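Trainee:
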Amino acid sequence: MRPSVLYLIAHGSLILLGGCAAYHPSVRSLGTAARISACFGAGAVLLTLEALLFSILRIPWGLPGLAFPLLAAAAVAGWKAAARPRDPAAAERPARWAAVAGAALVTLASAHLFASLATSRSTSVDYLFFWGVKAVHFADARGIDVELLKWRFFGHGVPEYPPLVPIVQAWGILIAGEMPWRRAGPFASSLWFLAALPVVFAMLRRRIGGSPAAAVTAYWAVALAISLSVSYSGGNAEAPLLFYETVALLALTTETRDAPASDRWLPAAALAGAALTKVEALPAAAFLILGTLLRDSIEGRSGVLRRAARLVALPVAAVSCWFAFQLLSGLPVGYRGHGRLLELHPENLASIGREMFRNLDAGTHGMSWGVPAVLLLLFGRGPGRALPALAMAAGILLFLAFDYLHDPTDPWERIGWTFPRVSQPALSALILGAALAMFGGPRRDETAAAT
Amino acid sequence: MTPPDSSPSPASRRRASRGALVWVLASAALFVGPVARWLDVPAQERLLVPQTPVDRTLGRYAEEWRFLARAREFVPDGASVTVRAESHAREVSLYILSIGLLPEARLVPAAYYDAPAEHPKRRARFVLSLGCHPPYRAGLRTVARLPEGCVFQDSAAR
Numbered sequence: 263m264r265p266s267v268l269y270l271i272a273h274g275s276l277i278l279l280g281g282c283a284a285y286h287p288s289v290r291s292l293g294t295a296a297r298i299s300a301c302f303g304a305g306a307v308l309l310t311l312e313a314l315l316f317s318i319l320r321i322p323w324g325l326p327g328l329a330f331p332l333l334a335a336a337a338v339a340g341w342k343a344a345a346r347p348r349d350p351a352a353a354e355r356p357a358r359w360a361a362v363a364g365a366a367l368v369t370l371a372s373a374h375l376f377a378s379l380a381t382s383r384s385t386s387v388d389y390l391f392f393w394g395v396k397a398v399h400f401a402d403a404r405g406i407d408v409e410l411l412k413w414r415f416f417g418h419g420v421p422e423y424p425p426l427v428p429i430v431q432a433w434g435i436l437i438a439g440e441m442p443w444r445r446a447g448p449f450a451s452s453l454w455f456l457a458a459l460p461v462v463f464a465m466l467r468r469r470i471g472g473s474p475a476a477a478v479t480a481y482w483a484v485a486l487a488i489s490l491s492v493s494y495s496g497g498n499a500e501a502p503l504l505f506y507e508t509v510a511l512l513a514l515t516t517e518t519r520d521a522p523a524s525d526r527w528l529p530a531a532a533l534a535g536a537a538l539t540k541v542e543a544l545p546a547a548a549f550l551i552l553g554t555l556l557r558d559s560i561e562g563r564s565g566v567l568r569r570a571a572r573l574v575a576l577p578v579a580a581v582s583c584w585f586a587f588q589l590l591s592g593l594p595v596g597y598r599g600h601g602r603l604l605e606l607h608p609e610n611l612a613s614i615g616r617e618m619f620r621n622l623d624a625g626t627h628g629m630s631w632g633v634p635a636v637l638l639l640l641f642g643r644g645p646g647r648a649l650p651a652l653a654m655a656a657g658i659l660l661f662l663a664f665d666y667l668h669d670p671t672d673p674w675e676r677i678g679w680t681f682p683r684v685s686q687p688a689l690s691a692l693i694l695g696a697a698l699a700m701f702g703g704p705r706r707d708e709t710a711a712a713t
Numbered sequence: 009m010t011p012p013d014s015s016p017s018p019a020s021r022r023r024a025s026r027g028a029l030v031w032v033l034a035s036a037a038l039f040v041g042p043v044a045r046w047l048d049v050p051a052q053e054r055l056l057v058p059q060t061p062v063d064r065t066l067g068r069y070a071e072e073w074r075f076l077a078r079a080r081e082f083v084p085d086g087a088s089v090t091v092r093a094e095s096h097a098r099e100v101s102l103y104i105l106s107i108g109l110l111p112e113a114r115l116v117p118a119a120y121y122d123a124p125a126e127h128p129k130r131r132a133r134f135v136l137s138l139g140c141h142p143p144y145r146a147g148l149r150t151v152a153r154l155p156e157g158c159v160f161q162d163s164a165a166r
């Protein structure tokens, strides 16, 4: 079989590796497609943690060694779950016109992204400079290649970056036998985009109803497919980050007031995935948790701090694993910042604001941002319920501005290179926040259950 | 506590439908830009299989990638390799690309950002020269002449 096909199959196999996630109560109530997506995301997180552990213990990576423990965990979870009654599924279906229009738009958006990635129109340079490079060397070394990360001529490869993407890509190489650089490598980013779609629809449907969920999912798909394409996100960490942050955000914004504490497992696991994917996930997670804390306090929910602590614990544990590996391998521990924390250059503020605004284009002349912003302002009936999403969107943009303020010279060029892609989780949060503020009411499944 | 539940009224259903229609129409409108960009591309080139991962993003890197992908056929595993080009910037990017494309080679960077990096005492056995610039040191023989450059070998080096 061709290496490119095997590489994509390897990515698909993450669904099996993360199979245990399908049986968690917070995932069981979602539809089949969303459960598969949750397994895909969980598979990447579990594989990363396991591969890290293997590297710490100096156990060489191999297919059976990495796969068997995770497959066994999935089998045990499935066997235990079989004894429990099936959870009721959220039921409101979209109207036929909304389902047809939504499906058509999602198909077109996906086709656009597939074609862009497969024809090298959207390849990230970072994929060639370090994401894919680390993967090749990790697969060759059958473990995290500490020598590469320590090499003084690999400083451009940001050796301290978290390891999920290179490990998942290395898993693909272990199965494919080589890195399919040209097409399958960048194309695999579309799998993360595809995986997010059923989760977006399933979770929105519980909160805002069938037709609005179909329509908003379509908008999310079109806006993000175009953005991923124009911001050269093929083969880098943007699509996985978008997946994890979107899942975490939706799980938190669509949870009920009296949801059991165990429902926080899904957003916490998604935040752990985000934290293992990119450094920028940490401030985004902080703003999301802060927004959730505020919403819970405003709504008078019980155990606000205790429930927020659950959200913090998993991402902190995940990042700690990576830092522990750094420590035990003699690598510098932690992340490098852009200069000293408070050494800012406010003289660049006007230029930063201008360039950030200009780079909100997202391949649609800014419409992708403009539409949800206008809808939120005009029809947002309850911004409180969308608070976590809006806090995350605003927080990411503020954090990026703060980061750019560290550049001693006008950072217009860096903003042009980075902002269109690193702002994507904020775009996702704005779309979902606007939709929840516009349509959000009592959960539809609760409504259905009560009648 | 969960707020009191009730089935959505017909009026709220209609409102939700109208709202959904707005989102659907807005989604369709977003496609204007991408459609225009695809139409800009000649029909026969739209789905052309790329030769490199960056054919249509950064032509400069595409040329370097093609060269390295061809040149690696002539480099045995474990051999020391350096990359040369007409400019410092291209030597840096060639070197960076070669880390991924020649993982089995022992790379000796000719340039790395601020300073020339090839250690004078550690000469590479293979010199991959983009643009086939004349050998910059004595004792190199031409192993291969490719469309984008040459592969030289220094028999005296390890």
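Residue numbers (this note's numbering), protein chains in the order written: chain A, 263 to 713; chain B, 9 to 166. Positions of the beta carbon are idealized from the N, C-alpha and C atoms, including for glycine. All values reported here derive from a predicted model rather than from experimental measurement.
At least one CB of chain A closer than 9 Å to the CB of residue 59(B): is that the case?
Mentor: Working through the second sequence from its first residue, we reach residue 59(B) at position 51. Output row for residue 59(B): interface = yes.
Trainee: Count the C-beta pairs between the region 442 to 458 of chain A and the region 489 to 506 of chain A that are closer than 8 Å, then say yes if the count reaches three, no if not.
Mentor: Cβ pair count under 8 Å is three or more, so yes.
Trainee: Among 700(A), 274(A), 581(A) and 675(A), which has the Cα closest to the Cα of residue 716(A)?
Mentor: The question about residue 716(A) has no answer here: the residues shown for chain A are numbered 263 through 713.
Trainee: For residue 400(A) versus residue 432(A), is the C-beta distance shorter than 9 Å?
Mentor: Position 138 of the first sequence, counted from the start, is the residue given in the question as residue 400(A). Position 170 of the first sequence, counted from the start, is the residue given in the question as residue 432(A). Taking a C-beta distance under 9 Å as the contact criterion, residue 400(A) and residue 432(A) qualify as a contact pair.
Trainee: Return the Cβ separation of residue 655(A) and residue 695(A) in integer angstroms, given the expectation that the two are a contact with Cβ distance under 8 Å.
Mentor: The residue you call residue 655(A) lines up with position 393 of the first sequence. The residue you call residue 695(A) lines up with position 433 of the first sequence. Contact holds; Cβ gap of about 6 Å.
Trainee: Would you mind sorting residue 562(A) into buried or exposed? The rule is 16 or more other CB atoms within 10 Å of its CB.
Mentor: For the purposes of this step, residue 562(A) is taken as the residue at position 300 of the first sequence. Its Cβ having fewer than 16 others within 10 Å, residue 562(A) is exposed.
Trainee: With three or more C-beta pairs closer than 8 Å as the rule, is the region 554 to 574 of chain A touching the region 626 to 642 of chain A?
Mentor: no
Trainee: Would you mind stating whether residue 651(A) and residue 539(A) have Cβ atoms separated by less than 9 Å?
Mentor: The residue you call residue 651(A) lines up with position 389 of the first sequence. The residue you call residue 539(A) lines up with position 277 of the first sequence. In this structure, residue 651(A) sits away from residue 539(A), with a CB-CB distance that is not shorter than 9 Å.
Trainee: Can you pull the chain B neighbours of residue 444(A), defined as C-beta to C-beta under 7 Å?
Mentor: As a working note, residue 444(A) is residue 182 in the first sequence. What residue 444(A) touches in chain B: 58, 60 and 61.
Trainee: Exposed or buried, which one is residue 542(A) when buried takes at least 16 other CB atoms within 10 Å?
Mentor: Working through the first sequence from its first residue, we reach residue 542(A) at position 280. With 16 or more Cβ atoms within 10 Å of its Cβ, residue 542(A) is classed as buried.
Trainee: Tell me which same chain residues have a C-beta within less than 6 Å of the C-beta of residue 641(A), skipping the five on either side of it?
Mentor: Here residue 641(A) is taken as the residue at index 379 of the first sequence, counted from 1. Apart from the 5 residues on each side of it in sequence, residue 641(A) sits with its Cβ closer than 6 Å to the Cβ of 700 in its chain, given in chain order.
Trainee: Between residue 627(A) and chain B, is there a C-beta pair that is closer than 9 Å?
Mentor: Residue numbering aside, residue 627(A) sits at position 365 when the first sequence is read from its first letter. Yes, contact with chain B.
Trainee: Mind checking residue 91(B): buried by the 16 CB within 10 Å criterion, or exposed?
Mentor: By 1-based counting over the second sequence, the position of residue 91(B) is 83. That one is buried.
Trainee: So, are the CB atoms of residue 606(A) and residue 667(A) less than 9 Å apart?
Mentor: The residue given as residue 606(A) occupies position 344 in the first sequence. The residue given as residue 667(A) occupies position 405 in the first sequence. Yes, Cβ-Cβ distance for residue 606(A) and residue 667(A) is below 9 Å.
Trainee: For a cutoff of 9 Å on Cβ pairs, would you count residue 155(B) as touching chain A?
Mentor: Translated into positions along the second sequence, residue 155(B) becomes position 147. No - not a single Cβ of chain A is within 9 Å of the one on residue 155(B).
Trainee: Need the endpoints of the alpha helix (DSSP H) that residue 288(A) sits in, please.
Mentor: Indexing the first sequence from 1 puts residue 288(A) at position 26. It spans 287 to 290 - the alpha helix (DSSP H) in which residue 288(A) sits, taken as one unbroken run.
Trainee: Can you give me the C-alpha to C-alpha distance between residue 62(B) and residue 24(B), rounded to a whole angstrom?
Mentor: Taking the second sequence and counting its residues from 1, one reaches residue 62(B) at position 54. Taking the second sequence and counting its residues from 1, one reaches residue 24(B) at position 16. C-alpha separation (whole angstroms): 44 Å.
Trainee: When you compare the CB of residue 216(B) with every CB in chain A, is at least one pair closer than 9 Å?
Mentor: Past the boundaries of the shown model lies residue 216(B); chain B is included only from 9 to 166, so the question cannot be answered.
Trainee: Could you have a look at residue 39(B) and say whether DSSP puts it in helix, strand or coil?
Mentor: Residue 39(B) sits at position 31 when you count from the first residue of the second sequence. Residue 39(B): coil per DSSP, three-state reduction.
Trainee: Quick one: is residue 381(A) near chain B, going by C-beta distance under 9 Å?
Mentor: Here the question's residue 381(A) lines up with position 119 in the first sequence. For residue 381(A), the answer is yes, since a Cβ of chain B falls inside 9 Å of its Cβ.
Trainee: Check whether the Cβ of residue 90(B) lies closer than 8 Å to any heavy atom of the ligand GDP, and answer yes or no.
Mentor: Of ligands this structure carries none, so the ligand GDP is not represented either.
Trainee: Does any CB atom of chain A fall closer than 9 Å to the CB of residue 115(B)?
Mentor: Numbered from 1 along the second sequence, position 107 holds the residue referred to as residue 115(B). With 9 Å as the cut-off, residue 115(B) counts as an interface residue toward chain A.
Trainee: Identify every run of the alpha helix (DSSP H) within the region 362 to 389 of chain A, keeping only runs that are complete inside it and at least 4 residues long; order them along the chain.
Mentor: none
Trainee: Does DSSP classify residue 672(A) as helix, strand or coil?
Mentor: Residue numbering aside, residue 672(A) sits at position 410 when the first sequence is read from its first letter. Of the three classes helix, strand and coil, the one that applies to residue 672(A) here is coil, per DSSP.
Trainee: Does DSSP classify residue 11(B) as helix, strand or coil?
Mentor: In the second sequence, counting from the first residue as 1, residue 11(B) sits at position 3. Caution is warranted here: a pLDDT of 45 is assigned to residue 11(B), below 50, making its placement in the model unreliable, and no coordinate value can be reported.
Trainee: Less than 8 Å between the CB atoms is what I'm expecting for residue 672(A) and residue 621(A), so what's the real figure, rounded?
Mentor: For this step, residue 672(A) is matched to residue 410 along the first sequence. For this step, residue 621(A) is matched to residue 359 along the first sequence. Contact flag wrong, Cβ pair sits at about 14 Å.
Trainee: Using 8 Å as the threshold, is the region 49 to 67 of chain B in touch with the region 107 to 119 of chain B, meaning 3 or more CB pairs across them?
Mentor: By the C-beta criterion, the region 49 to 67 of chain B is judged not to be in contact with the region 107 to 119 of chain B, since fewer than 3 inter-stretch pairs fall below 8 Å.
Trainee: Find the nearest neighbour of residue 164(B) within the set 134(B), 84(B), 26(B) and 16(B), judged by alpha-carbon distance.
Mentor: Counting from one through the second sequence, the residue named residue 164(B) turns up at place 156. For residue 164(B), the closest alpha carbon among the candidates 134(B), 84(B), 26(B) and 16(B) is that of 134(B).
Trainee: Going by the CB atoms, is the gap between residue 477(A) and residue 372(A) shorter than 9 Å?
Mentor: Translated into positions along the first sequence, residue 372(A) becomes position 110. Translated into positions along the first sequence, residue 477(A) becomes position 215. Not a contact, by the Cβ cut-off of 9 Å.
Trainee: Kindly list the residues whose CB is nearer than 7 Å to the CB of residue 83(B), restricted to its own chain and excluding five residues on each side of it in sequence; keep chain order.
Mentor: For the purposes of this step, residue 83(B) is identified with residue 75 of the second sequence, where counting begins at 1. Cβ neighbours of residue 83(B) beyond the five flanking positions: 89, 110, 113 and 134.
Trainee: Which residues, in order along the region 69 to 91 of chain B, keep a beta-carbon less than 9 Å from a beta-carbon of chain A?
Mentor: 69, 70, 73 and 77
Trainee: Expressed to the nearest angstrom, what Euclidean distance is found between the alpha-carbon atoms of residue 713(A) and residue 461(A)?
Mentor: For the purposes of this step, residue 713(A) is taken as the residue at position 451 of the first sequence. For the purposes of this step, residue 461(A) is taken as the residue at position 199 of the first sequence. For residue 713(A), the predicted model reports a pLDDT of 39, less than 50, meaning its position is unreliable and no value from the coordinates is stated.
Trainee: At which residues does the alpha helix (DSSP H) containing residue 662(A) begin and terminate?
Mentor: Numbered from its first residue, the first sequence carries residue 662(A) at position 400. Start and end: 649 to 666.
Trainee: Please name the residue in 614(A), 638(A), 636(A) and 277(A) whose C-alpha comes closest to that of residue 675(A).
Mentor: On the first sequence, position 413 is the one that residue 675(A) refers to. If we check each option's Cα against that of residue 675(A), 614(A) comes out closest.
Trainee: For the region 447 to 481 of chain A, which residues have a beta carbon sitting closer than 8 Å to at least one beta carbon of chain B?
Mentor: 447, 448, 470, 471, 473, 474, 476, 477, 478, 480 and 481
Trainee: If we define contact as Cβ-Cβ less than 9 Å, is residue 102(B) a contact residue for chain A?
Mentor: By 1-based counting over the second sequence, the position of residue 102(B) is 94. No, residue 102(B) lies away from the interface with chain A (no Cβ there is under 9 Å from its Cβ).
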